[in-house]
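Numbering (the working numbering), first residue to last: 25 to 388.
Below you can see the structure in the form of structure tokens.
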């Protein structure tokens, strides 16, 4: 048995478990940027994470001389920086992996010189990262008091809204925000709520404490009729992918010789402009070819090329079949603020309010 545990190949195989723990740490780091964490069962979560961390630490100490474990020991400390900053205070989740990162760093098989160099780098990383983070958050922290007054979920469960009241020196304000309720991640121990995708649908000044929020389910046809009844000039901003789905040109390009072409998104983004020697001189460049969508406004002006974005389309131009193609369900959620519509599922899908590609980084 002793020979088995001391065998170099046994240690090499067992060391393959070390990166799995690093993956878990970086998964936590990723979530800290894009999700807020709410612990449902803090004690149980702490016990589970501690048990996993103890097992991982035993494995890494056993294989501390192996290259994979040495590399893992270098990754854990920087990997924990974002969770420590963004989930500050959730110590039941943070302390076990942080202790593992510290212990394996100091007890890994790296030379003392390497530990000193990397330790100094990590210490500076934590000090500067913490300083920048708390400085920026303090600098941009509003001198106001914001209170959550009401939270509710739409009938379909797809959206949730939050009503907040802010007290400030300008008589305060009332704000209604809507978020997707389907992009959260949950397990038995915690809920990770998506951040960076909140949509403010109503901001009222001064503070209004007499607010009634009502969710209703309305049909696509009724909403179309309502929008068309408001104005013929209401538009929707579609994406390249949506214009492609509708088989509509997304851009118009007019050249210096007067030629004009309406292009699908893919064709537009693949246009290559070849410069003449004189144009290269005018633009002060040695490159003879550019993608059209890489050219600056100044360069386009020099070349006599104008582009027009056709992706802003009138609602009235969208047929029922178009709406079905764009994924607008037959009915959905509408939010009323004191009897007035402030949110329609129809518009949220068209304008891609909650598309994950539009998510802001939740660092500050």
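Cβ coordinates follow ideal geometry from the N, Cα and C atoms, glycine included.
Inset, instruction - May I have the straight-line CA-CA distance separating residue 87 from residue 46, to the nearest angstrom? - result: Position 63 of the chain shown holds residue 87. Position 22 of the chain shown holds residue 46. Approximately 15 Å between the Cα atoms of the pair.
Legend entry - Identity of the residue in 137, 90, 56 nearest residue 112 by Cα: Here residue 112 refers to the residue found at position 88 when the chain shown is read from its first residue. When each option's Cα is compared against that of residue 112, the closest is 56.
Legend entry - Proximal residues to residue 72 (C-beta, below 8 Å), its chain only, five neighbours per side dropped: Walking along the chain shown from the start, residue 72 turns up at place 48. Cβ contact annotation for residue 72 (same chain, cutoff 8 Å, sequence separation greater than five): 213, in chain order.
Inset, instruction - Return the CA-CA distance between residue 448 and residue 292, expressed in angstroms with no decimal places. - result: Since the first and last residues shown for the chain are 25 and 388, residue 448 lies out of range.
Inset, instruction - To the nearest angstrom, report how far apart residue 171 and residue 220 are at their CA atoms. - result: Within the chain shown, residue 171 is the residue found at index 147, counting from 1. Within the chain shown, residue 220 is the residue found at index 196, counting from 1. Approximately 19 Å between the Cα atoms of the pair.
Legend entry - Proximity of residue 361 and residue 237 at Cβ, strictly below 8 Å: Working through the chain shown from its first residue, we reach residue 361 at position 337. Working through the chain shown from its first residue, we reach residue 237 at position 213. With respect to the 8 Å criterion, residue 361 and residue 237 are classified as neighbours on the basis of their beta carbons.
Legend entry - Inter-residue Cα distance where the pair is residue 265 and residue 331: Numbered from its first residue, the chain shown carries residue 265 at position 241. Numbered from its first residue, the chain shown carries residue 331 at position 307. When rounded, the distance between both Cα atoms is 19 Å.
Legend entry - Cβ pair residue 275, residue 287 closer than 8 Å: One-based indexing of the chain shown puts residue 275 at position 251. One-based indexing of the chain shown puts residue 287 at position 263. Yes, the pair counts as a contact, with Cβ atoms nearer than the cut-off.
Inset, instruction - Using three-state DSSP, classify residue 226 as helix, strand or coil. - result: The count along the chain shown starts at 1 and reaches residue 226 at position 202. Here DSSP, grouped into helix, strand and coil, assigns residue 226 to strand.
Inset, instruction - Locate the beta strand (DSSP E) running through residue 59, then write down its first and last residues. - result: As a position in the chain shown, residue 59 is number 35, starting the count at 1. First-last of the beta strand (DSSP E) with residue 59: 59 to 63.
Legend entry - Pair within 8 Å by beta-carbon distance, residue 223 and residue 59: In the chain shown, residue 223 corresponds to position 199, counting from 1. In the chain shown, residue 59 corresponds to position 35, counting from 1. Going by C-beta atoms, residue 223 is not nearer than 8 Å to residue 59.
Legend entry - Same chain, Cβ closer than 6 Å to residue 284, neighbours up to 5 away in sequence not counted: Position 260 of the chain shown holds residue 284. These residues qualify, in order along the chain: 278.
Inset, instruction - Counting only the same chain and skipping the five closest in sequence on each side, list residues whose C-beta sits under 8 Å from that of residue 215. - result: Residue numbering aside, residue 215 sits at position 191 when the chain shown is read from its first letter. These residues qualify, in order along the chain: 61, 62, 64, 208, 209.
Inset, instruction - Pick out whichever of 68, 84, 31 has its Cα sitting closest to the Cα of residue 43. - result: Locating residue 43 in the chain shown gives position 19, where the first residue counts as 1. Measuring C-alpha to C-alpha distances from residue 43 to each of 68, 84, 31 identifies 84 as the nearest.
Legend entry - For residue 343, the nearest candidate out of 272, 321, 282 (CA to CA): Taking the first residue of the chain shown as 1, we reach residue 343 at position 319. Relative to residue 343, the option among 272, 321, 282 whose CA is nearest is 272.
Legend entry - residue 237 (DSSP reduced to helix, strand or coil): For this step, residue 237 is matched to residue 213 along the chain shown. Strand.
Inset, instruction - Whole angstroms is fine: what's the gap from residue 319's alpha carbon to residue 353's? - result: Position 295 of the chain shown, counting from 1, holds the residue named residue 319. Position 329 of the chain shown, counting from 1, holds the residue named residue 353. If you take the alpha carbons of residue 319 and residue 353, they lie about 39 Å apart.
Legend entry - Complete runs of the alpha helix (DSSP H) confined to the stretch 232 to 288 [at least 4 residues]: Counting only runs of 4 or more, we get 244 to 254, 264 to 269.
Legend entry - Residue nearest to residue 333 in terms of C-alpha spacing, selected from 348, 341, 339, 317: Locating residue 333 in the chain shown gives position 309, where the first residue counts as 1. With distances taken between Cα atoms, residue 333 lies closest to 317.
Legend entry - alpha helix (DSSP H) runs wholly inside the stretch 133 to 167, at least 4 long, in chain order: Runs found: 136 to 164.
Legend entry - Collapsed DSSP secondary structure at residue 79 in the structure displayed: For the purposes of this step, residue 79 is taken as the residue at position 55 of the chain shown. In this structure, residue 79 counts as helix in the three-state DSSP scheme.
Legend entry - Status (buried if at least 16 other CB within 10 Å, exposed otherwise) for residue 351: Residue numbering aside, residue 351 sits at position 327 when the chain shown is read from its first letter. Flag for residue 351 reads exposed.
Inset, instruction - Whole angstroms is fine: what's the gap from residue 108's alpha carbon to residue 77's? - result: Walking along the chain shown from the start, residue 108 turns up at place 84. Walking along the chain shown from the start, residue 77 turns up at place 53. If you draw a straight line from the Cα of residue 108 to the Cα of residue 77, it is about 16 Å long.
Inset, instruction - Return helix, strand or coil for residue 355, following the three-state DSSP convention. - result: Position 331 of the chain shown holds residue 355. In the structure shown, residue 355 sits in a strand (DSSP, three-state: E or B).
Legend entry - For residue 70: DSSP bridge partner residues: Sequence index remark: in the chain shown, residue 70 carries index 46 (1-based). None; residue 70 has no bridge partner.
Legend entry - 4 or more residues per run - each alpha helix (DSSP H) lying fully within the stretch 316 to 352: Annotation note: the stretch 316 to 352 contains the following uninterrupted alpha helix (DSSP H) runs of length 4 or greater, listed N- to C-terminal: 321 to 327, 344 to 349.
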